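*Asks:* Numbering-wise (the UniProt record's numbering), the sequence shown opens with residue 1 and increments by one. Ideal Cβ placement from N, Cα and C applies to all residues, glycine included. All of these numbers come straight from a predicted model, not from anything done at the bench.
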Amino acid sequence: MRIPCPWCGPRDLSEFHYGGDAETPRPPHEETAAVPWFDHVYRHDNPRGAHREYWQHSYGCRSWILVTRDTLTHEITAAEPMRRPAAAESGR
1 MRIPCPWCGP
11 RDLSEFHYGG
21 DAETPRPPHE
31 ETAAVPWFDH
41 VYRHDNPRGA
51 HREYWQHSYG
61 CRSWILVTRD
71 TLTHEITAAE
81 PMRRPAAAES
91 GR
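1) With Trp-55 as the anchor, note down where its beta strand (DSSP E) starts and where it stops.
2) Given a cut-off of 7 Å on the beta-carbon distance, is the pair Gly-19 and Tyr-59 in contact?
3) Can you round the beta-carbon distance between His-51 and Glu-15 to whole angstroms, since I take them to be within the 8 Å contact cut?
4) Using C-beta distances below 7 Å, list every residue in its chain close to His-74, excluding the 5 sequence neighbours before and after it, in chain order.
5) What residue does the beta strand (DSSP E) around Asp-45 start on, and which one ends it?
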């Protein structure tokens, strides 16, 4: 699978790390109970069709992107930047 990084262009899946489901709300940051976080990380539906996911281009620009991917065909229909590339923000 190739993921189209908005900053670096299409790259192999091996350059990215999956960051989780972008469609389910996270518990509030100040939540300290284990159950809501456990449910958020481990208990979720396995959707069919178009689904939004967070991915980090770990072996490239290190930026986080929001990917819309069909879970049946793995076709990527959108890849949106979450913010400017990490390297640009650090002044490199």
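*Replies:* According to the structure shown:
1) Within the sequence shown, residue 55 is the residue found at index 55, counting from 1. Element bounds for Trp-55: 50 to 56.
2) Working through the sequence shown from its first residue, we reach residue 19 at position 19. Working through the sequence shown from its first residue, we reach residue 59 at position 59. Not in contact: Gly-19 and Tyr-59 (Cβ atoms no closer than 7 Å).
3) If you number the sequence shown from 1, residue 51 lands on position 51. If you number the sequence shown from 1, residue 15 lands on position 15. His-51 to Glu-15, Cβ: 20 Å. No contact.
4) The residue given as residue 74 occupies position 74 in the sequence shown. For His-74, where only same-chain residues beyond five positions count, the Cβ hits under 7 Å are Met-1.
5) For the purposes of this step, residue 45 is taken as the residue at position 45 of the sequence shown. Careful: Asp-45 lies outside any beta strand (DSSP E) and carries neither H nor E.
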